[in-house]
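Colleague: With the UniProt record's numbering applied, the sequence shown corresponds to residues 1 to 496, in that order.
Ideal Cβ positions, reconstructed from N, Cα and C, are used throughout, including at glycine.
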Amino acid sequence: MNFNLRFFTYSLLFISVWSQISAKVLPISKDDNSIVQVKSTVQYPNFIQPWRYKNPETKRAYGIHVGEGLILTTTQTLNYATSIEVNKFGTLKNFTAKVVKMEHDLGLSLIKVEDKDFVIGLNHVSFPNEVFLPSQGLLLEYKEYRNLSEKKVRSVKLDMDTYSNGYVELPYVEIQSDEKLEGIGELIVEESSRIPQGLVISFKDSQNSGKMVPSFMIKQFLDCKSVDSCIPFKGFRFRPLLDKAARDFYGIKKEEQGVLVAEVYPSHAGSKNSLELEDVILEVSGYKIDPKGYFEHPKYGKLALSFLFHSNEDFIKKQNVKIPVKLIRNRKLLEFDLDLKSFNEDSIMIPFGNTRNKKPIYMIVGGAVFQELSEHYLMEFGAQWRARVSKYLLYLNDFHHIVQKSEEEKVIVLTQVLPLTGNQAYHSMHQNVLEKANGIKPKNLNDFRRILAASKEEFILLDFEDGSQIVLKSDEIQKLNSEALKTFKIPAAENF
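#1: Rounded to whole angstroms, what is the Cα-Cα separation between Q371 and K441?
#2: Across which residues does DSSP place L138 in a beta bridge pair?
#3: Could you pull out every residue in the same chain whose Cβ sits closer than 6 angstroms to the Cβ of S22, ignoring the five residues on either side in sequence?
#4: Would you kindly work out how many angstroms separate the C-alpha atoms of E335 and E276, rounded to a whole number?
#5: Rounded to a whole number of angstroms, what is the C-alpha to C-alpha distance between Y377 and F309?
#6: When DSSP labels each residue in this structure, what does T355 get in the three-state scheme?
#7: Say whether the segment 171 to 189 touches the segment 133 to 142, bearing in mind that this needs 3 or more beta-carbon pairs closer than 8 angstroms, one atom from each stretch.
#8: Please go through the same chain and pick out, in chain order, the residues whose beta-carbon is closer than 7 angstroms to the beta-carbon of N438, but skip the five residues on each side of it.
#9: Threshold first: 3 residues or longer. Then list the beta strand (DSSP E) segments lying entirely within the segment 12 to 82, N to C.
#10: Opposite S342 in the DSSP bridges: which residues?
#11: Would you call the CB atoms of I328 and V280 closer than 8 angstroms?
#12: Taking the alpha carbon of S135 as the reference point, which residue from S155, I120, N87 has its own alpha carbon closest?
#13: Span of the alpha helix (DSSP H) holding D466?
#14: If I follow the unbroken beta strand (DSSP E) through R329, where does it start and stop?
#15: Would you mind reading off the limits of the alpha helix (DSSP H) that contains residue 504?
#16: Where in the segment 257 to 309 do unbroken runs of the alpha helix (DSSP H), each at least 4 residues long, occur, reported from the N-terminal end onward?
#17: May I ask you to verify whether the segment 88 to 98 touches the segment 106 to 115, counting CB pairs closer than 8 angstroms and requiring at least 3?
#18: Is it the case that the Cβ atoms of S306 and E169 are separated by a distance below 8 angstroms?
#19: Looking at the unbroken beta strand (DSSP E) that takes in E483, where does it start and where does it end?
#20: Looking at the secondary structure, which residues open and close the beta strand (DSSP E) in which N397 lies?
#21: Can you tell me whether L420 sits near the ligand MN, meaning its C-beta is under 7 angstroms from at least one heavy atom of the ligand?
#22: Out of V227, K253, F132, which has the shortest C-alpha to C-alpha gap to S215?
#23: Would you call the segment 407 to 414 and the segment 339 to 354 in contact, with 3 or more CB pairs under 8 angstroms?
#24: Name, in chain order, the residues that DSSP records as bridge partners for D337.
#25: Distance check for R239 and K292, CA to CA, integer angstroms please.
#26: How about F343 and Y167: are their beta carbons less than 8 angstroms apart?
#27: Does the segment 223 to 243 come into contact with the segment 198 to 215, if we say contact requires no fewer than three beta-carbon pairs (one atom in each stretch) closer than 8 angstroms?
#28: Determine contact between the segment 387 to 399 and the segment 416 to 424, defined as no fewer than three beta-carbon pairs at a distance below 8 angstroms.
#29: Would you be able to state if there are at least three C-beta pairs under 8 angstroms between the segment 69 to 78 and the segment 46 to 55?
#30: Tell me Y172's beta-bridge partners as DSSP assigns them.
#31: If you compare alpha carbons, which of E483, S311, E68, V119 is closest to S229?
#32: Can you tell me whether A492 is helix, strand or coil according to DSSP?
#33: Going by beta carbon distance, what residues of the same chain come within less than 7 angstroms of L418, once the five residues before and after it are set aside?
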């Protein structure tokens, strides 16, 4: 079942509840009861043996009550969670929670506690539209015996980067502290006003620094009424234009403006008002873009231009809004409104970063196990996976994360051959990229299955990109599959 549909009921409840919560931002006193502890039991998928799960693990994080039993916490705690428990101040009872929505790129999630007793005595936290930079802050922790402790931190600057396991560049606040922090969703408030500033999602004790999700991004996440991502994606890559000869070639008259569009992603190309290769972007939303790709923000100073696309508040209020751009195309000045869309995860040829709670799919053909290539599969080979895996797979992983001809195109890999008497000639094959099945190139595993099912040939011929082949009798494949399932205790020959 589609992941979004699983939480559809809870998302509808979230929409109705959140509209009733006051938008007024109040300071957080030391006695406020709004911080809870979240504990989850997770079972991660096994990409080497995709029909199994790994051993259960327990994860914990802090949660912030944002009203009516809704808890804001970190996504990394909830990935593949089989159970979620919440503990609040003043009670030993563990409350069961359900996921409302998850935002993987931002690293935030909402969970809901249905038990009516849970909200008794709980305050809720609201987040403002801006953060104070630079500033001194206090990090609030909910410790043992229901004690709320405070640690001093410094909010240094706002910057742009992809979060851990994210695809989209987003704003984060660099924080520093001389104290030991965990980086599991702790709330930070400004020291004097005690106004919420954000949640800590990572911290390195060795560097005394970490990252905080700024309050305005949290507010945008909470205000988004969709279970799908409300974060827009610019849909292109650019390179700086510092060379005078290059600037003259593209007709740039202003010395301190302009970056060159180096790539436009397929999901963001082809519309009437879309960017093209070798466009020179001069302004976005009225902000002048310098030759290195930065602009001057009135509150936060110099920021990367991605901020204007990925942190657009209007996008949160209405999907598929437009953002004004000024550019040079073929040495002519153009102005139009660029369509903004969310990042299309299906456009990723080789998935990387966060698995997005997706279970790896597989297909067994005569005892040979086929999977769609992902970085998650490669990383199963340990810390030295880059040295252990096929160099060709490593090349594909490094250079073809996103680029592809169509949204359905994936890389199909023979990951292993289950040793059976009927396929002993192929026992040594592994990590081979499938090129053709009976002379037809499959787009993905689903297409591969269709090709085999439609075949009327006596033999199935599988060609691989390294020149190797597998030849199996069509009427023996089912027999070999049944033997493999029984011998290796596999529930099914495919899981999609």
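Modeller: According to the data block:
#1: Residue numbering aside, residue 371 sits at position 371 when the sequence shown is read from its first letter. Residue numbering aside, residue 441 sits at position 441 when the sequence shown is read from its first letter. A direct Cα-Cα distance of roughly 15 angstroms separates Q371 from K441.
#2: Along the sequence shown, one-based indexing puts residue 138 at 138. Beta-bridge pairing links L138 to K152, V189.
#3: For this step, residue 22 is matched to residue 22 along the sequence shown. Because the pLDDT of S22 is 36, which lies under 50, any placement of that residue in the model is unreliable, and the number read from its coordinates should be weighed accordingly. Here S22 has no same chain residue with a Cβ atom under 6 angstroms from its own Cβ, once five neighbours each way along the sequence are excluded.
#4: Taking the sequence shown and counting its residues from 1, one reaches residue 335 at position 335. Taking the sequence shown and counting its residues from 1, one reaches residue 276 at position 276. If I take the Cα positions, the gap works out to 13 angstroms.
#5: For the purposes of this step, residue 377 is taken as the residue at position 377 of the sequence shown. For the purposes of this step, residue 309 is taken as the residue at position 309 of the sequence shown. About 32 angstroms.
#6: Position 355 of the sequence shown, counting from 1, holds the residue named residue 355. Coil.
#7: With a cut-off of 8 angstroms, the segment 133 to 142 and the segment 171 to 189 count as touching, because enough Cβ pairs lie within range.
#8: As a first step, residue 438 must be located in the sequence shown, where it is residue number 438. Same-chain partners within the cutoff: I451, S455, E457, I460, L461.
#9: Uninterrupted beta strand (DSSP E) stretches at least 3 residues long and entirely within the segment 12 to 82 occur at 35 to 42, 57 to 67, 70 to 74, given in chain order.
#10: On the sequence shown, position 342 is the one that residue 342 refers to. Paired residues: P232.
#11: In the sequence shown, the residue the question calls residue 328 occupies position 328. In the sequence shown, the residue the question calls residue 280 occupies position 280. Against a cut-off of 8 angstroms, the Cβ pair of V280 and I328 comes out as a contact.
#12: Sequence index remark: in the sequence shown, residue 135 carries index 135 (1-based). For the set S155, I120, N87, the Cα lying nearest the Cα of S135 is the one of S155.
#13: Your numbering for residue 466 matches position 466 in the sequence shown. No alpha helix (DSSP H) contains D466, which DSSP labels as neither H nor E.
#14: What you label residue 329 is simply residue 329 of the sequence shown in a count that begins at 1. First-last of the beta strand (DSSP E) with R329: 322 to 329.
#15: Shown here, the chain extends from 1 to 496; a query on residue 504 therefore has no answer.
#16: List check, alpha helix (DSSP H) in window: nothing returned.
#17: Output reads yes: the segment 106 to 115 touches the segment 88 to 98.
#18: As a first step, residue 306 must be located in the sequence shown, where it is residue number 306. As a first step, residue 169 must be located in the sequence shown, where it is residue number 169. Yes. Within cutoff.
#19: Residue mapping note: residue 483 aligns to position 483 of the sequence shown, counting from 1. Counting along the chain, E483 falls outside any beta strand (DSSP E), though it belongs to the alpha helix (DSSP H) covering 474 to 488.
#20: What you label residue 397 is simply residue 397 of the sequence shown in a count that begins at 1. Where N397 is concerned, there is no enclosing beta strand (DSSP E), although the alpha helix (DSSP H) it sits in stretches over 391 to 399.
#21: Of ligands this structure carries none, so the ligand MN is not represented either.
#22: The residue given as residue 215 occupies position 215 in the sequence shown. Checked all of V227, K253, F132; the closest Cα to S215 is F132.
#23: The answer is yes - the segment 339 to 354 touches the segment 407 to 414, with three or more Cβ pairs under 8 angstroms.
#24: As a position in the sequence shown, residue 337 is number 337, starting the count at 1. Its beta-bridge partners are P324.
#25: Residue numbering aside, residue 292 sits at position 292 when the sequence shown is read from its first letter. Residue numbering aside, residue 239 sits at position 239 when the sequence shown is read from its first letter. Take the alpha-carbon of K292 and the one of R239: they are about 8 angstroms apart.
#26: Here the question's residue 343 lines up with position 343 in the sequence shown. Here the question's residue 167 lines up with position 167 in the sequence shown. The answer is yes: Cβ separation under 8 angstroms.
#27: The segment 223 to 243, when compared against the segment 198 to 215, does not touch it at the 8 angstroms Cβ threshold.
#28: Not touching, per the Cβ criterion.
#29: In this structure the segment 46 to 55 does not lie against the segment 69 to 78, because fewer than three pairs of beta carbons, one per stretch, are closer than 8 angstroms.
#30: Here residue 172 is taken as the residue at index 172 of the sequence shown, counted from 1. BP columns for Y172 point to D159.
#31: Your numbering for residue 229 matches position 229 in the sequence shown. Of E483, S311, E68, V119, the residue nearest in Cα terms is S311.
#32: Counting from 1 along the sequence shown, the entry for residue 492 is found at position 492. Under the three-state reduction of DSSP output, A492 falls in the coil class, being neither helix nor strand.
#33: Position 418 of the sequence shown, counted from the first residue, corresponds to residue 418. The answer, listed in chain order, is G367, V369, A484, F488.
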